[in-house]
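Working notes, structure below.
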Amino acid sequence: MDLSFGAEYEAFRDEVKLFVSEAWPRGADAVCDRAVQLAFVVAAVERGYLYRSIPKKYGGSEQEFDSLRESIIVEEFDRAAVPWRLGNQGVGQLVPTLLEVGDEWQRERFIRPTLRGEYVWCQGYSEPGAGSDLAALRSSARLEGDEWVINGHKIWTSDAEDANFMFGMFRTEREASKHAGISYLLLEMDQPGVDVRPLRQINGATHFHEVFFDDARTPADWVVGGRGQGWRVARVNLKHERNLGSGQAMRRRFHQLLDLAQSARIDGRPASRDPVMRERLAELECLVRCVETTSLRQLSAVAHGEEADIGLPLLVAKLYGSEVMDRIAGLAYDLIGADGLLAPTDSGWADLQSGAGEIDWVDQYLFVLAMRIAGGSSNIQRNLIGERGLGLPRDLRATDVAR
Ligand SMILES: Cc1cc2nc3c(=O)[nH]c(=O)nc-3n(C[C@H](O)[C@H](O)[C@H](O)COP(=O)(O)OP(=O)(O)OC[C@H]3O[C@@H](n4cnc5c(N)ncnc54)[C@H](O)[C@@H]3O)c2cc1C
Numbered sequence: 139m140d141l142s143f144g145a146e147y148e149a150f151r152d153e154v155k156l157f158v159s160e161a162w163p164r165g166a167d168a169v170c171d172r173a174v175q176l177a178f179v180v181a182a183v184e185r186g187y188l189y190r191s192i193p194k195k196y197g198g199s200e201q202e203f204d205s206l207r208e209s210i211i212v213e214e215f216d217r218a219a220v221p222w223r224l225g226n227q228g229v230g231q232l233v234p235t236l237l238e239v240g241d242e243w244q245r246e247r248f249i250r251p252t253l254r255g256e257y258v259w260c261q262g263y264s265e266p267g268a269g270s271d272l273a274a275l276r277s278s279a280r281l282e283g284d285e286w287v288i289n290g291h292k293i294w295t296s297d298a299e300d301a302n303f304m305f306g307m308f309r310t311e312r313e314a315s316k317h318a319g320i321s322y323l324l325l326e327m328d329q330p331g332v333d334v335r336p337l338r339q340i341n342g343a344t345h346f347h348e349v350f351f352d353d354a355r356t357p358a359d360w361v362v363g364g365r366g367q368g369w370r371v372a373r374v375n376l377k378h379e380r381n382l383g384s385g386q387a388m389r390r391r392f393h394q395l396l397d398l399a400q401s402a403r404i405d406g407r408p409a410s411r412d413p414v415m416r417e418r419l420a421e422l423e424c425l426v427r428c429v430e431t432t433s434l435r436q437l438s439a440v441a442h443g444e445e446a447d448i449g450l451p452l453l454v455a456k457l458y459g460s461e462v463m464d465r466i467a468g469l470a471y472d473l474i475g476a477d478g479l480l481a482p483t484d485s486g487w488a489d490l491q492s493g494a495g496e497i498d499w500v501d502q503y504l505f506v507l508a509m510r511i512a513g514g515s516s517n518i519q520r521n522l523i524g525e526r527g528l529g530l531p532r533d534l535r536a537t538d539v540a541r
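Okay, so the sequence shown: first residue is 139 according to this note's numbering, each after it adds one.
This is the structure we're talking about:
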């Protein structure tokens, strides 16, 4: 079986590698410097490598759809550890949503500065009583003149402290049924009615926040996809959020695990020579290969226009991606022994997700717990795969029991 992308694409890969070597200055300072990062992104857009599906008038490079080229670009940028993702929530979720269901003025106003990292967004969905069952959300917005007045409480809001804007779901139609009464609103974070409070995580970092709204305000036309249409809009949005993780990040972590198995000792010998450890590593290698070949199969199907519903494979990729990452981190944790008691250094979510940078196994071990929850928990993925993919009977809902 030939798993290469073919001569034309491998030539393209060489081109991308050359571009990265010329456009990305190496060194830790470059990684931290926002201006250097932005200069790289702008150069990559000009070369047609980034924001390929986004029209030029909004700041994209407007290229013909080619899933193999896109995959090569991401692989090579990540391989060189270029921090090219400027704002995960805005670029990854809001922009595709605006392109699909936003008003023209919203696209013109928000997309370009978001792509350039000038507008940083956070996602205001989850609430203390609404996570997996998102439609149970209670934060509300009422229209007063030409403004929405917002009250309520969001939780687990990633990066809210750094964000200038939030896209969020709010109940706007009092009389409507659970799913029908929600609108998808945009709002400014820096205003008197918005109070952001950090939540300390298990690793000591504070990437999560609670956000309290007390008569916060946003203009009446900052609603995306129409009033009361929030549920439909959020489904567009979550489709992009589920596109988390990749076989490549997993492969990088697995190789780091192999390095660890060679340096760690069991009975005075490298752990990689221990028969039980070898069996566990071999099992993991099989799982990693399964994830890689599955993603290659999906990529090939998309490239040939054969994949009718990409949603289902993405659910499977998210579920298995996070489960296998969990097993890799678990095995590493066994290998580091007493070092597992050391306090983790905060590696940052971007590196933990992409597999870039130096590895702190304690931090990785704690982070994989989150991967099984963020963007829809593993149990919810299983339900969706069972119901949509396998045609199994619908899961029992709390409302069914109450009846
Ligand atoms: C790293 C990370 C980043 C996040 N960032 C954001 C963000 O920026 N903005 C935001 O709005 N939210 C964010 N979240 C929140 C995330 O979306 C929710 O945590 C998630 O949807 C689960 O909701 P919950 O925490 O309320 O758990 P619950 O929904 O209460 O679930 C608790 C447990 O019950 C299980 N469960 C629930 N319902 C079912 C069912 N029907 N069948 C079987 N099992 C079920 C779940 O699988 C889970 O194990 C983030 C979470 C993480 C971990």
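C-beta: ideal position from N, C-alpha, C; glycine also. On a predicted model such as this, the values are computed, not experimentally measured, just so you know.
Under 7 Å: does the beta carbon of residue i sit that close to some heavy atom of ligand 1?
i: Tyr-263; result: yes
i: Ile-543; result: Because the chain in this structure spans residues 139 to 541, residue 543 falls outside the shown range and cannot be described.
i: Ala-512; result: yes
i: Lys-292; result: yes
i: Asp-300; result: no
i: Gly-269; result: yes
i: Asp-533; result: yes
i: Ile-320; result: no
i: Ala-149; result: no
i: Ser-515; result: yes
i: Ile-518; result: yes
i: Cys-424; result: no
i: Asn-521; result: yes
i: Thr-295; result: yes
For residue i, which residues of its own chain have a beta-carbon under 6 Å away from its beta-carbon, when the five flanking residues on both sides are left out?
i: Val-362; result: Gly-240, Tyr-322 and Val-371
i: Ala-298; result: Cys-260, Val-334, His-347 and Val-349
i: Asp-352; result: Gly-331
i: Glu-200; result: Pro-193 and Lys-194
Among the residues of its own chain, which have a CB less than 8 Å from the CB of residue i, if the five just before and after it don't count?
i: Leu-236; result: Gln-244, Arg-245, Phe-248, Ile-249 and Val-362
i: Asn-302; result: Tyr-257, Val-258, Trp-259, Glu-326, Met-327 and Asp-328
What does the alpha-carbon distance come out to for the pair residue i and residue j?
i: Gly-230; j: Thr-356; result: 23 Å
i: Gly-468; j: Ser-516; result: 17 Å
i: Ile-466; j: Gly-364; result: 44 Å
i: Glu-525; j: Asp-533; result: 8 Å
i: Val-429; j: Gly-459; result: 7 Å
i: Glu-131; j: Ile-210; result: The question about residue 131 has no answer here: the residues shown for the chain are numbered 139 through 541.
i: Ala-481; j: Leu-504; result: 11 Å
i: Ser-438; j: Arg-312; result: 46 Å
i: Ile-518; j: Ala-182; result: 37 Å
i: Glu-148; j: Trp-294; result: 41 Å
i: Leu-507; j: Met-463; result: 10 Å
i: Gly-383; j: Ala-476; result: Summary for Gly-383: the model assigns pLDDT 46, below 50, so the residue's position carries little reliability; its value from the coordinates is reported in the next sentence. Straight-line Cα distance between these residues: approximately 29 Å.
i: Leu-176; j: Glu-238; result: 25 Å
i: Ala-399; j: Met-307; result: 46 Å
i: Asp-171; j: His-393; result: 29 Å
i: Glu-214; j: Lys-155; result: 6 Å
i: Ile-511; j: Arg-418; result: 25 Å
i: Asp-284; j: Ser-278; result: 16 Å
i: Trp-549; j: Gly-198; result: No answer is possible for residue 549: it lies beyond the span of the chain, which begins at 139 and ends at 541.
Under 8 Å between C-beta atoms, does residue i make it to chain D?
i: Arg-185; result: Of the protein chains in this structure there is only one, and it is not chain D.
Mapping DSSP to helix, strand and coil, what is residue i?
i: Gly-290; result: strand
i: Ser-438; result: helix
i: Leu-224; result: coil
i: Phe-143; result: coil
i: Glu-238; result: helix
i: Val-332; result: strand
i: Asp-352; result: strand
i: Tyr-322; result: strand
i: Pro-408; result: strand
i: Arg-312; result: coil
i: Trp-243; result: helix
i: Gly-513; result: coil
i: Val-154; result: helix
i: Val-258; result: coil
i: Glu-285; result: strand
i: Arg-380; result: Its pLDDT being 49, under 50, Arg-380 is placed unreliably by the model, and the measurement read from it follows with that caveat. Residue state, collapsed to three classes: coil.
i: Leu-337; result: strand
i: Ala-476; result: helix
i: Glu-461; result: helix
i: Ala-279; result: strand
Along the chain, where does the alpha helix (DSSP H) containing residue i start, and where does it finish?
i: Asp-216; result: 205–217
i: His-393; result: 385–401
i: Arg-520; result: 516–522
i: Trp-499; result: 499–509
i: Ala-181; result: 172–184
Under 7 Å Cβ to Cβ from residue i, same chain only, skipping five residues before and after it: list those, please.
i: Val-500; result: Gly-478, Leu-480 and Pro-482
i: Arg-380; result: In this prediction, Arg-380 scores a pLDDT of 49, lower than 50, which makes its location untrustworthy; no coordinate-derived value is stated.
i: Asn-341; result: Pro-482, Asp-484, Asp-501 and Leu-504
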